[in-house]
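Before any comments, here is the structure.
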Amino acid sequence: MKYLYFPGCSLEGTSRGYEESVSAVFSKLGITLEELPDWNCCGSTSVIAVNKVLAMVLAARNLALAEPSGLQLVTPCPSCWLELTKANNVVKEGGKLAEQIKEALAAGGLTYNGTTTVRHLVEFLVNEVGVDRIKQYVSNQKYVGNVLSGLRIAPYYGCQIVRPYAEREDAYNPQNMEKLIEALGAEAAPFELKTACCSGALMATRKNVGLDMSRQILRSTKEAKADIVVSACPLCQLNLELAQFRNSDFAGKNELPILSITQMIGLAMGIAPRELGLSRSIIPGVAKTITNMQKQRAPAAIGG
Amino acid sequence: MKQRVLFEGQQDTGFLDEIAALPEGERVLSCLQCGTCSATCPVAPLLEEPPRRIFAMIRAGMRKEVLGSLTPWMCSSCYECTVRCPAQIKITEIMYALKRKAVREGMVTHEADAHKFYRVFTDVVCKYGRMNEMILLLRYMMFNHPVDLALQMPVGIRMFSIGTLQIQPHKVKNQDSYNKIVQKALSLEE
Amino acid sequence: MAPRIGVYVCHCGSNIAGKVDVKAVAEMSKNLPNVVVSREYQFMCSDPGQELIRQDIREKNLNAVVVAACSPLMHEKTFRGTCASAGLNHYRMQMANIREHCSWVTEDPVAATEKAKAIVAGTVGKVRYLRPLAEREVPVIQSVLVVGGGIAGIQAALQCADAGYKVYLVERNQSIGGHMAMLDKTFPTLDCSACILTPKMVAVGQHPNIKLFAYSEVEGISGYAGNMKAKIRHKAAYVNFEKCNGCGICQEKCPAKVPNEFEQGRGQRRAIYTLFAQAVPNKPVIDRAACTYFKNGKCRACEKLCKRSAIDFEQQDGVEEVDVGAIILATGHQVFDASRMPQYGYGKYPDVYSSLEFERMVNASGFSQGKVRTSEGKEPESIAIIHCTGSRDQRYNVYCSEVCCMYSLKFAHLLHEHTHARIYNFYIDMRCAGKGYEEFYDRLLNEGVRFVRGKVAGVTKDARDASEQGKLIIQAEDTLTGVIRRIPVDMVILANGLESQKDSGEIGRLFGISRNKAGFFIEQHPKLNPFGTSNNCIFIAGTCAGPKDIPYTVSQASAAASGAITLLNRKNALLEAVGAHIDADMCSKCLTCVSICPYQAISMDGEPQTVAVDETLCHGCGTCAAGCPAGAIEADNFNDEQILHEIEGLFSWENLPEKESEAELVESGAPKK
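Quick note, the sequences are listed as chains A, B and C, same order.
Oh and the first sequence: position 218 is 218 in the numbering used here, straight run, nothing missing.
Oh and the second sequence: position 150 is 150 in the numbering used here, straight run, nothing missing.
Oh and the third sequence: position 441 is 441 in the numbering used here, straight run, nothing missing.
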């Protein structure tokens, strides 16, 4: 099966590691994710603060580009997924804004009829790829580097993957990430703030507020005795890392590796950390930190 | 001592209807002032006017105070309020609308510099088709938080060393078609 | 005899006269064929207005009347009464609706006047051919069926029984008492609920006129107004109620323990059990799913111990039919399931309690013997009560459940009595509208309860400072001071709203009663007849008709009882005279009418087989007449002759010759438009 892939702007920049891990994992799974040709920025939560029609049009352009192929459009970024879904809903419901979107697209020679399906990566992994398929790659764990069992991984969902729409998921107590964590043999460490806000763009516009909000989340994961935090969103991942970088409360031996969902899956599948972009984390030495943890817990698991 | 009386004749008594007339404002008249939105908002404890109060002020016709408030600019789009509002008011979307209105009517205060962030973001996307984080942060912080920019150097250096600082903006290929679409969209905005 | 018609055009104040030129309509009517007198008047429905009609009937020998006014739904009954009182068969009166069908829906006055003229002319055309009809009287069966044995059903049953009528009270649980039996104290008097309820329960159990069918359900209703047959299923209890003397030894010794539904799952009961100590009837039933014998063939301890040999494992469901004249539905409500609001932690955190769970906790005969303790057995230091759980919410129930503010105050008071805890009530509005209710609120204010006006966003265990560790933290905006507050508590009590029973749809269909969007039964008129329904022999009472407190429930139950008693007291009910008649010579027995009749009033039987309408069941809706392909069915007041003349009349008004005859146009002296 082939799918179209919408990386989103972050994955080309600060979340390059996420992008590399998506590539590596899907390549190993044998699933083709074809990057949507000539995609543009979805607008995220920023353009809509300036210009509503433009925001919807930017998102809709991508939907229009995807439509002719009839393939599903998968995106790893919850904000992209939300904006694309919002634009999709507007076009499907019809009305004034839908007409404006169509008019704007037509100016550039594009049409959109509302038939593109957009999915976000977490839900896609659980429902389309399937937990069982992922498990197959995890069953033959020979090397310490693959073994996640014995490790407690905290699933951090953040906001836009469960609110305002929770696709095939419980908005208050989502479980998709727990399912993936457990499929990899690790222990899920759900924590009270697993759907709380990391502060999003406030980390740039009001840094102190942003750091405070992200640190609350880290504190909550520590209360749940997490070894690693896995995130569904590139900005959440960055913010949780920034909240630790050069912060004495969290730096040094208190550091929590923050992995993207495919980085976690890739490790368990036996893909080398380098290929998964672990070195792209702002926190230095993530791969080593994890390996040390694995060495401590894994030997029992692999009988070594 | 300053008098704190709201003279009805000086308020914009049509403000509530104006917000209610927006597509986002569909259910705003049903607000019970229950306070769930404020209680669940992660930044509410920092705000002079938490979300519920903004709606109370809209009702009272306090246009200046609402559009000059920092509150919409502190919204991180977490959507907790929207999901929990018993009247199902699209609070987050209304916050976006207030952001747009505040800029258009020139009511944004100096403190709400976040609007410049969104402006730069939009300009970069309109120009290149894709966001470039370095350009965004440089442009925004150089003018608004220059000290902070200097303090962020270690992060910048780190990001550069791990290859996540994209210097060259990635452009959309179909520039002509894209520009036409953007121009048309801008012309349609009310 | 030649028709002699009187036409009366009503102004209805300015409702009609404000748009329609009523004088012109009366003027035109004078010239219609067979019209002997034509009048216009301010308010035809008033006494003087009606007197005009009566006088004309007597003095001018009218044998048909047309009242051009409002909708028949408003005043057909009134004017029929007027005619009957003057000696004219009331089916020779027809209303011409020139208000709802004309003045209220037409913009242009000229067009409205023309339309009014057409309508009146049509009605005059038809009324000539209306046949005099008479309602049939059928005897009303002198007994009442009350469905549901909560306080509403109990009150209604006692009222009817005391008035001398036989009552069948059907209750699906093995004891009557309903939700009120679960409560500890009732607001605002703080009476012990069981203490005020049980005397009524006992009265029901002992009343010679009440036949109590406990552990039973109504399965089917058939028949017609005042003559209904109810099929009742007696569920197998595996205990012979006649033999059982309620000694209770079986319950004591039964080894199987399961969660007790009466204690909201927080306590346990045995497989053979009575619902609560003061149950009426005080007979146990065996829960098949929990019983060791039914599950794996062992035990039978109850049978061995029972001195009256009352245990009968072979018992089957029984079915019984009773004849009744009136039915009162008092099927009650269910409580909102707070697990639908995961942010409140119900079901997730053990110390979040629903309203009923708390009632049972604080009740001396409940699972905690009246001691208020956390799930860890400690005395709580601080307690939160959350109002509006599931109510006033677009996502769950949009309506206000009426009783929650009051019972939340009651909870606060009980907690004040039973504990030394700090008590917080989180509310949006404080609704205390009944007698003594506002005073009760003031009492609570003076008991030192801390009121926070702010709907709780969520209950969390995420502690932000030392005082919050290990507690349930409530975050709410104190909207009155405008600050966000975080309040750590040991226990949370939810004020769950009231909802319609989940099978209210089935009950509605069974009895033919409509429900509103929230599933509550719809009353005949929300202001003037809140206890009647569209069926004049079926009444509703209590929370099945909407959330309400106990005084309103009891009042409504007595009202429903009075409705039933009024019906039964007359001994006869009048069946609507309008019905359908099948011409056997034209009928081809295609049976189309049988399948389309909404009241199942048509059937084919007899030797030789004929298709006929049962007049008692027929409502005169006309569906069969419209559907018959052979035109073999005639509906009273809507036969071909009548309708065709009405149509002719509609077009005749424009070119009427001036009449020279005795027809009078009488000026009413009413003020000009």
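Built from N, CA and C at the ideal position, the CB exists for glycine as well.
Here the structure is a predicted model, which is why all the values come from computation and not from measurement.
TODO: Take every Cβ of the region 281-299 of chain C, pair it with every Cβ of the region 177-186 of chain C, and state whether three or more of those distances are shorter than 8 Å.
DONE: The region 177-186 of chain C and the region 281-299 of chain C do not touch, with fewer than three beta-carbon pairs separated by less than 8 Å.
Open item on the list: For alanine 188 of chain A and isoleucine 181 of chain A, which I take to be in contact (beta-carbon distance under 8 Å), what is that distance rounded to the nearest angstrom?
Closed with: As a first step, residue 188 of chain A must be located in the first sequence, where it is residue number 188. As a first step, residue 181 of chain A must be located in the first sequence, where it is residue number 181. At roughly 4 Å, the Cβ-Cβ gap stays under 8 Å, so alanine 188 of chain A and isoleucine 181 of chain A are in contact.
- [ ] Return yes when the Cβ of leucine 276 of chain A is within less than 8 Å of the Cβ of glutamate 20 of chain A, no when it is not.
- [x] Counting from one through the first sequence, the residue named residue 20 of chain A turns up at place 20. Counting from one through the first sequence, the residue named residue 276 of chain A turns up at place 276. Yes. Within cutoff.
TODO: Determine, using beta carbons only, whether glycine 304 of chain A comes closer than 8 Å to chain B.
DONE: Position 304 of the first sequence, counted from the start, is the residue given in the question as residue 304 of chain A. The pLDDT assigned to glycine 304 of chain A is 45, lower than 50, so where the model puts this residue is not dependable; a value taken from the coordinates is nonetheless given after this. For glycine 304 of chain A, not one C-beta of chain B is nearer than 8 Å to its own C-beta.
Open item on the list: So with CB distances below 7 Å, who are the chain A contacts of aspartate 462 of chain C?
Closed with: The count along the third sequence starts at 1 and reaches residue 462 of chain C at position 462. Listed along chain A are Glu192, Leu193, Ser220, each with a C-beta nearer than 7 Å to that of aspartate 462 of chain C.
Task: Status (buried if at least 16 other CB within 10 Å, exposed otherwise) for arginine 300 of chain C - done: Along the third sequence, one-based indexing puts residue 300 of chain C at 300. Exposed, since its Cβ has fewer than 16 Cβ neighbours within 10 Å.
TODO: Examine chain A for any beta-carbon lying closer than 8 Å to the beta-carbon of lysine 180 of chain B, and answer yes or no.
DONE: By one-based count along the second sequence, residue 180 of chain B stands at place 180. For lysine 180 of chain B, the answer is yes, since a Cβ of chain A falls inside 8 Å of its Cβ.
Task: Any alpha helix (DSSP H) of 4 or more consecutive residues that is wholly inside the region 201-282 of chain A - done: DSSP runs (the alpha helix (DSSP H)) wholly in the region 201-282 of chain A: 202-205, 207-223, 234-242, 261-268.
TODO: Indicate the three-state DSSP secondary structure (helix, strand or coil) for cysteine 254 of chain C in the structure shown.
DONE: The residue you call residue 254 of chain C lines up with position 254 of the third sequence. Note: cysteine 254 of chain C maps to coil in three-state DSSP.
Task: Extent of the continuous beta strand (DSSP E) to which glutamate 137 of chain C belongs - done: Here the question's residue 137 of chain C lines up with position 137 in the third sequence. Looking at the DSSP string, the run of the beta strand (DSSP E) that includes glutamate 137 of chain C is 136-139.
TODO: Examine chain C for any beta-carbon lying closer than 8 Å to the beta-carbon of threonine 40 of chain B, and answer yes or no.
DONE: For the purposes of this step, residue 40 of chain B is taken as the residue at position 40 of the second sequence. Using beta-carbon distances, threonine 40 of chain B counts as an interface residue toward chain C, with a partner under 8 Å.
- [ ] Decide if the region 558-567 of chain C is in contact with the region 602-609 of chain C; the criterion is three or more beta carbon pairs, one per stretch, under 8 Å apart.
- [x] No, the region 558-567 of chain C does not touch the region 602-609 of chain C.
TODO: Grab the span of the alpha helix (DSSP H) containing alanine 635 of chain C for me, first residue to last.
DONE: As a first step, residue 635 of chain C is located in the third sequence; it is residue number 635 there, counting from the start. Counting along the chain, alanine 635 of chain C falls outside any alpha helix (DSSP H), though it belongs to the beta strand (DSSP E) covering 633-635.
- [ ] Tell me whether the beta-carbon of isoleucine 94 of chain B lies closer than 8 Å to the beta-carbon of valine 28 of chain B.
- [x] To locate residue 94 of chain B, count along the second sequence from 1; it is residue 94. To locate residue 28 of chain B, count along the second sequence from 1; it is residue 28. Yes.
Task: Residue closest to lysine 225 of chain A, alpha-carbon to alpha-carbon, out of A:Ala154, A:Thr291, A:Val47 - done: Locating residue 225 of chain A in the first sequence gives position 225, counting from the first residue. Nearest C-alpha to lysine 225 of chain A among A:Ala154, A:Thr291, A:Val47: A:Ala154.
Open item on the list: What does the alpha-carbon distance come out to for the pair cysteine 159 of chain A and serine 467 of chain C?
Closed with: Against the first sequence, residue 159 of chain A aligns to sequence position 159. Against the third sequence, residue 467 of chain C aligns to sequence position 467. Distance between the alpha carbons of cysteine 159 of chain A and serine 467 of chain C: 28 Å.
Task: Three-way DSSP call (helix, strand, coil) for glutamine 94 of chain C in this model - done: In the third sequence, residue 94 of chain C corresponds to position 94, counting from 1. Glutamine 94 of chain C falls in the strand class under three-state DSSP.
Task: histidine 234 of chain C - DSSP class collapsed to helix/strand/coil - done: Within the third sequence, the letter at position 234 stands for residue 234 of chain C. Correct three-state label for histidine 234 of chain C: strand.
- [ ] Say whether the region 66-82 of chain A touches the region 5-25 of chain A, bearing in mind that this needs 3 or more beta-carbon pairs closer than 8 Å, one atom from each stretch.
- [x] Counting Cβ pairs under 8 Å, three or more are found: they touch.
TODO: State buried or exposed for methionine 68 of chain C, treating a residue as buried only when at least 16 other CB atoms are found within 10 Å of its CB.
DONE: Counting from 1 along the third sequence, the entry for residue 68 of chain C is found at position 68. Going by the sequence as given, residue 68 of chain C is alanine instead of methionine. That one is buried.
Open item on the list: Under DSSP, the alpha helix (DSSP H) around aspartate 478 of chain C begins and ends at which residues?
Closed with: To locate residue 478 of chain C, count along the third sequence from 1; it is residue 478. Boundaries around aspartate 478 of chain C are those of the beta strand (DSSP E), 472-478, since no alpha helix (DSSP H) includes it.
- [ ] Can you grab the Cα-Cα spacing for the pair cysteine 78 of chain B / isoleucine 385 of chain C, in whole Å?
- [x] If you number the second sequence from 1, residue 78 of chain B lands on position 78. If you number the third sequence from 1, residue 385 of chain C lands on position 385. Put simply, the backbone Cα of cysteine 78 of chain B is about 28 Å away from that of isoleucine 385 of chain C.
Open item on the list: At a CB distance below 7 Å, what residues from the region 87-116 of chain B approach chain C? Give them in sequence order.
Closed with: Residues Ala87, Gln88.
Task: alpha helix (DSSP H) segment containing glycine 153 of chain C, residue limits - done: Here residue 153 of chain C corresponds to residue number 153 of the third sequence, with the count starting at 1. Residues 151-162.
Open item on the list: Just to make sure I have the definition right: I need the residues of chain A whose C-beta is within less than 8 Å of the C-beta of serine 177 of chain B. Which are they?
Closed with: Here residue 177 of chain B is taken as the residue at index 177 of the second sequence, counted from 1. Close partners of serine 177 of chain B in chain A (Cβ separation under 8 Å): Gly108, Gly109, Leu110.
TODO: Answer yes or no: does any C-beta atom of chain C fall closer than 8 Å to that of cysteine 31 of chain B?
DONE: Counting from one through the second sequence, the residue named residue 31 of chain B turns up at place 31. The beta carbon of cysteine 31 of chain B does not come within 8 Å of any beta carbon belonging to chain C, so the residue lies off that interface.
Open item on the list: Residues of chain B with CB closer than 7 Å to the CB of glycine 482 of chain C, please, in chain order.
Closed with: Working through the third sequence from its first residue, we reach residue 482 of chain C at position 482. Counting only Cβ-Cβ distances below 7 Å, glycine 482 of chain C has contacts in chain B at Arg53, in chain order.
Open item on the list: Does threonine 623 of chain C come out as helix, strand or coil in the three-state DSSP assignment?
Closed with: Translated into the one-based positions of the third sequence, residue 623 of chain C becomes position 623. Correct three-state label for threonine 623 of chain C: helix.
TODO: Using a Cβ-Cβ cut-off of 8 Å, state whether proline 342 of chain C counts as contacting chain A.
DONE: Taking the first residue of the third sequence as 1, we reach residue 342 of chain C at position 342. Output row for proline 342 of chain C: interface = yes.
Open item on the list: For a cutoff of 8 Å on Cβ pairs, would you count isoleucine 473 of chain C as touching chain E?
Closed with: The structure shown contains no chain E; the protein chains it does contain are A, B and C.
Open item on the list: Can you check whether the C-beta of aspartate 108 of chain C is within less than 8 Å of a C-beta belonging to chain B?
Closed with: By 1-based counting over the third sequence, the position of residue 108 of chain C is 108. Aspartate 108 of chain C does not count as touching chain B.
Task: Short CB-CB distance (under 8 Å) between lysine 52 of chain A and chain B - done: Numbered from 1 along the first sequence, position 52 holds the residue referred to as residue 52 of chain A. True, the Cβ-Cβ gap to chain B drops below 8 Å.
TODO: Output yes or no for whether 8 Å exceeds the beta carbon distance between isoleucine 423 of chain C and valine 449 of chain C.
DONE: Taking the third sequence and counting its residues from 1, the one referred to as residue 423 of chain C is at position 423. Taking the third sequence and counting its residues from 1, the one referred to as residue 449 of chain C is at position 449. Yes; because the gap between Cβ atoms is below 8 Å, this pair is in contact.
Open item on the list: Please state the DSSP three-state secondary structure of cysteine 12 of chain C.
Closed with: Within the third sequence, the letter at position 12 stands for residue 12 of chain C. Cysteine 12 of chain C falls in the coil class under three-state DSSP.
TODO: With a threshold of 7 Å, establish whether the CB of alanine 161 of chain C neighbours any heavy atom of the ligand GDP.
DONE: Among the ligands in the structure shown, none appear at all, so the ligand GDP cannot be discussed.
Task: Buried/exposed call for arginine 274 of chain A, threshold 16 Cβ in 10 Å - done: Indexing the first sequence from 1 puts residue 274 of chain A at position 274. Exposed: under 16 other Cβ atoms inside 10 Å.
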